[in-house]
Amino acid sequence: MIRIGLVGAGSMAGVYAQSAASLPNADVTAVASPNTAETFVAEQVPTGTAYSDAETMFDKAAIDAVAVLTPTHTHHEFVEGAAERGLDVICEKPIARTLDQAARIRTAVEESGITFLTAHVVRFFPEYAEAKRLVESGDIGTPGVARARRAFGIGGNRGWFEDREKSGGVLLDVAVHDFDYLRWVFGDVEEVFTRRTNWTREARSEVSITLAEFENGAKGHVEAWTVQVSNIPFTTTFELCGDKGLIEFDLEDVRPYVVHDGETTHVPRDPVGDDLPIAQDGYDKQLEHFLACIEGDAEPLIPVEEGIESLRVSLAAIESAERGVPVDPSEVNA
Amino acid sequence: MSVSLAILSAAHSHAHAYATALESVPGAELVAIADDDETRGESFAAEHDVDYGPTEDVLAQVDGAVVCSENTRHIEWVHAAADAGVDVLSEKPLATTRDDAQAMVDRCEDAGVNLGVAMPVRFNEPIRRAKAAYDDGELGALRALIGTNLLTRMSGSGWISNPDLGGGGAIMDHTVHVVDLGRWISGKEVTEVFAYGGTRFADLEVEDISLASMQLGDEIPFSHEGSWRQPDTWDFWGDVTMRLIGDEQVIEVDCFDRTFKHTHAEDGVQRVEWGEDMNAGMLADFAAAVEADRTPEVSGEEGVAEVRVVEAAYESVERGEPVTVQYD
Numbered sequence: 001m002i003r004i005g006l007v008g009a010g011s012m013a014g015v016y017a018q019s020a021a022s023l024p025n026a027d028v029t030a031v032a033s034p035n036t037a038e039t040f041v042a043e044q045v046p047t048g049t050a051y052s053d054a055e056t057m058f059d060k061a062a063i064d065a066v067a068v069l070t071p072t073h074t075h076h077e078f079v080e081g082a083a084e085r086g087l088d089v090i091c092e093k094p095i096a097r098t099l100d101q102a103a104r105i106r107t108a109v110e111e112s113g114i115t116f117l118t119a120h121v122v123r124f125f126p127e128y129a130e131a132k133r134l135v136e137s138g139d140i141g142t143p144g145v146a147r148a149r150r151a152f153g154i155g156g157n158r159g160w161f162e163d164r165e166k167s168g169g170v171l172l173d174v175a176v177h178d179f180d181y182l183r184w185v186f187g188d189v190e191e192v193f194t195r196r197t198n199w200t201r202e203a204r205s206e207v208s209i210t211l212a213e214f215e216n217g218a219k220g221h222v223e224a225w226t227v228q229v230s231n232i233p234f235t236t237t238f239e240l241c242g243d244k245g246l247i248e249f250d251l252e253d254v255r256p257y258v259v260h261d262g263e264t265t266h267v268p269r270d271p272v273g274d275d276l277p278i279a280q281d282g283y284d285k286q287l288e289h290f291l292a293c294i295e296g297d298a299e300p301l302i303p304v305e306e307g308i309e310s311l312r313v314s315l316a317a318i319e320s321a322e323r324g325v326p327v328d329p330s331e332v333n334a
Numbered sequence: 001m002s003v004s005l006a007i008l009s010a011a012h013s014h015a016h017a018y019a020t021a022l023e024s025v026p027g028a029e030l031v032a033i034a035d036d037d038e039t040r041g042e043s044f045a046a047e048h049d050v051d052y053g054p055t056e057d058v059l060a061q062v063d064g065a066v067v068c069s070e071n072t073r074h075i076e077w078v079h080a081a082a083d084a085g086v087d088v089l090s091e092k093p094l095a096t097t098r099d100d101a102q103a104m105v106d107r108c109e110d111a112g113v114n115l116g117v118a119m120p121v122r123f124n125e126p127i128r129r130a131k132a133a134y135d136d137g138e139l140g141a142l143r144a145l146i147g148t149n150l151l152t153r154m155s156g157s158g159w160i161s162n163p164d165l166g167g168g169g170a171i172m173d174h175t176v177h178v179v180d181l182g183r184w185i186s187g188k189e190v191t192e193v194f195a196y197g198g199t200r201f202a203d204l205e206v207e208d209i210s211l212a213s214m215q216l217g218d219e220i221p222f223s224h225e226g227s228w229r230q231p232d233t234w235d236f237w238g239d240v241t242m243r244l245i246g247d248e249q250v251i252e253v254d255c256f257d258r259t260f261k262h263t264h265a266e267d268g269v270q271r272v273e274w275g276e277d278m279n280a281g282m283l284a285d286f287a288a289a290v291e292a293d294r295t296p297e298v299s300g301e302e303g304v305a306e307v308r309v310v311e312a313a314y315e316s317v318e319r320g321e322p323v324t325v326q327y328d
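So the sequences go chain by chain: A and B. The first sequence begins at 1 in the numbering used here and counts up by one. The second sequence begins at 1 in the numbering used here and counts up by one.
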């Protein structure tokens, strides 16, 4: 049994607690958060212990590993604290807000020798994983163009996500999923050109469109946005086109289970939480993989360096949007 | 612990699917195959890296066996397993006549081995969610069920449409899947069947149309189509759908609609499924049943009930009128 302490008690903490409950060898035994740990523990992990700060949890709780689920700009502090005590870490994406913070994470992981996984969960979503497998086995031939979209409507306050200094806005918080996935499938990104607009406070309503060129010559189009049109459902799509074939996925087309109840028609397919009818969702598979890495049965699919490379693409896109020129991710210095 | 398993006959293409699925089932290992066709058995053994040998030897080295033979020969293989004291999971339908099916249940009971029927769709998450919605009362009273298990025309090629081996056509081949789901979800038996057959799509001795209008219990209308009618260029191998009409909710399940579209530059469009592997779920249950000495998810008795429905469907096609299903 691997005992896990959650740092953060927001929405992701609920998702991790659910995934841990679905696995035979995981147990969430502690949760740290300045204000809401006690409420979270009472509602979601009644056998766990609540702490108001992470350092105390690292020192006192009976834990073997830590999930860092805090606002992006704070990831490095908690990874450092956990690494100092030899606690293995799964860290929410993006790995950090800046390259300096990411470098601190790399140093902490290297010096402590802990197991570290960047939680780019999309690599564990079965539809994305299956498409990767097909591309790798040559089913689309030589990659030519990739498109990916990730978008949702949200009515109210998005909290710290709205603050670009903390979250990086949609390019770092949302588009980074697809940057990471497309790097995994098509290879390294050599250049991005991004347009970005927002028309409310900071990053509450924000649209980004990124063109990308991969090292192998393939091109990409990545669209990420959040708008205040609240009834826009959470949408993800991708197209992977090569000379021998095309793969097209649209979450809107996934309709294995539809419920009409007199007031609404519900099509459960949100990949977050236990909504999508599938035996094991991406978050379950990701946590299972992290545990296998701890037990020495697997190597982390997304180690620190991979997390940093995907961060670089987002930072390059942000720089491109600000300067109006194409940017090479390897030359970013943010 | 590890449960060692054998496949008995690779006549049915599911043998390969099960061998592949077993690679991802913890605690179960496919170790051998027996087959009355030596060439087929040896080629299967080489492909899946398992032993091929005489049936007795194979049964002597395993805890459980999965029968993937031609339909009319399930009985021979199940009896061989029973006589060797090996728990057995039979490909569906359990048999092509209720007499055979009942004889298999009796033989296994006498031998003290557990008998199950391979009904993988029970391990599909969307259909499990529908059953849970009914069991938890969300659907309300179940008023009607409409199901399909449509297949491509080429599904009828090979022994499956040879009456001596397949025991029938599309009605024999696939009625039991959806009948099993209907019985499982409702907890009721099929009491009456009116069915149509017919041969319209391929040059076959047997029917490629399978349409049935049934009644579950005293009052629930339940229909099924399992025709081999989709053009072979269809974008998926087949479907399983079920519409549950309740007085609180209507739930529509399309079991395999967790796919993306794959267009081949030369071969056209295929949908690729990325949902969980229901065969792996079924085989994990069988391995667990062997380990715990319990009945697998779908028992031999349930298999007999389903064969009775198939027999009634054929009788209805013959007589052109609704037929009461005999449960003796």
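Don't be surprised by glycine CBs; every beta carbon is placed ideally from N, CA and C. Every value quoted in this text rests on a predicted model; they were computed, and no experiment measured them.
Could you check if residue i is buried or exposed, using at least 16 other CB atoms within 10 Å of its CB as the buried criterion?
{"i": "W184(A)", "result": "buried"}
{"i": "K131(B)", "result": "buried"}
{"i": "R123(A)", "result": "buried"}
{"i": "D173(B)", "result": "buried"}
{"i": "P300(A)", "result": "buried"}
{"i": "V229(A)", "result": "exposed"}
{"i": "A141(B)", "result": "exposed"}
{"i": "Y327(B)", "result": "exposed"}
{"i": "R128(B)", "result": "buried"}
{"i": "A42(A)", "result": "exposed"}
{"i": "P126(B)", "result": "buried"}
{"i": "R122(B)", "result": "buried"}
{"i": "A169(B)", "result": "Position check: residue 169(B) holds Gly in this sequence, whereas Ala was assumed. Buried, by the Cβ-count rule."}
{"i": "D178(A)", "result": "buried"}
{"i": "H260(A)", "result": "exposed"}
{"i": "D254(B)", "result": "buried"}
{"i": "S19(A)", "result": "buried"}
Could you name the residues that DSSP lists as bridge partners for residue i?
{"i": "A212(B)", "result": "A195(B) and H224(B)"}
{"i": "P143(A)", "result": "G242(A)"}
{"i": "D87(B)", "result": "G64(B)"}
{"i": "Y52(B)", "result": "I33(B)"}
{"i": "R3(A)", "result": "D27(A)"}
{"i": "G48(A)", "result": "For G48(A), which the question treats as bridged, DSSP gives no partner whatsoever."}
{"i": "I251(B)", "result": "V259(A) and L244(B)"}
{"i": "L5(B)", "result": "L30(B) and G64(B)"}
{"i": "G238(B)", "result": "L151(B)"}
Rounded to the nearest angstrom, how far is the Cβ of residue i from that of residue j, given a contact under 8 Å?
{"i": "G303(B)", "j": "L94(B)", "result": "3 Å"}
{"i": "A60(B)", "j": "A84(B)", "result": "7 Å"}
{"i": "P71(A)", "j": "L172(A)", "result": "Not a contact, Cβ separation roughly 12 Å."}
{"i": "V62(B)", "j": "A111(B)", "result": "Not confirmed; about 15 Å, so no contact."}
{"i": "L23(A)", "j": "D281(A)", "result": "Not confirmed; about 12 Å, so no contact."}
{"i": "A313(B)", "j": "I220(B)", "result": "That pair is no contact at about 17 Å."}
{"i": "A6(B)", "j": "V78(B)", "result": "Contact doesn't hold; Cβ gap of about 13 Å is too wide."}
{"i": "G166(B)", "j": "V206(B)", "result": "7 Å"}
{"i": "A26(A)", "j": "I2(A)", "result": "6 Å"}
{"i": "A96(A)", "j": "H75(A)", "result": "5 Å"}
{"i": "W228(B)", "j": "L151(B)", "result": "5 Å"}
- request: Enumerate, from N- to C-terminal direction, the unbroken beta strand (DSSP E) stretches of 3 or more residues contained entirely within the region 71-127 of chain A.
  value: 88-92 and 116-119
message: Under 8 Å: do the region 164-173 of chain A and the region 234-249 of chain A share three or more Cβ pairs, one atom per stretch?
response: no
Every unbroken alpha helix (DSSP H) within the region 257-305 of chain B, with a cutoff of 4 residues, ordered by chain: 278-292
field: Entirely enclosed alpha helix (DSSP H) segments - the region 111-137 of chain B, minimum 4 residues
entry: 125-135
Cβ contact check for the region 19-27 of chain B and the region 316-326 of chain A: 3 or more pairs under 8 Å: no
message: Which runs of the alpha helix (DSSP H) at least 4 residues long sit entirely within the region 195-231 of chain A? Give them in chain order.
response: none
- request: Take every Cβ of the region 232-242 of chain B, pair it with every Cβ of the region 188-202 of chain B, and state whether three or more of those distances are shorter than 8 Å.
  value: no
message: Count Cβ pairs between the region 104-120 of chain A and the region 75-91 of chain A that sit closer than 8 Å; are there 3 or more?
response: yes
message: Ignoring anything shorter than 4 residues, give me the alpha helix (DSSP H) runs that lie fully in the region 17-41 of chain B, in order along the chain.
response: none
- prompt: Is it a yes or a no for the region 108-118 of chain A touching the region 292-306 of chain A, going by three-plus beta-carbon pairs under 8 Å?
  reply: yes
- request: Evaluate the contact criterion for the region 137-155 of chain B versus the region 174-184 of chain B: three or more CB pairs, one atom per stretch, below 8 Å.
  value: yes
- prompt: Within the chosen definition, does the region 258-269 of chain B reach the region 180-190 of chain B through at least 3 CB pairs nearer than 8 Å?
  reply: no
task: Could you tell me whether the region 143-158 of chain A touches the region 271-290 of chain A, using the rule of 3 or more Cβ pairs below 8 Å?
output: no
- request: Assess, as a yes-or-no matter, whether the region 51-65 of chain A is touched by the region 84-94 of chain A under the definition of 3 or more beta carbon pairs within less than 8 Å.
  value: yes
message: Which runs of the alpha helix (DSSP H) at least 4 residues long sit entirely within the region 250-326 of chain A? Give them in chain order.
response: 282-294 and 304-323
task: Evaluate the contact criterion for the region 150-162 of chain A versus the region 219-236 of chain A: three or more CB pairs, one atom per stretch, below 8 Å.
output: yes
field: Any 3 or more C-beta pairs closer than 8 Å across the region 203-222 of chain A and the region 187-195 of chain A
entry: yes
- prompt: Along the chain, which unbroken stretches of the beta strand (DSSP E) at least 3 residues long are found entirely within the region 130-189 of chain A?
  reply: 143-153
message: Three or more C-beta pairs under 8 Å: does that hold for the region 211-219 of chain B against the region 187-196 of chain B?
response: yes
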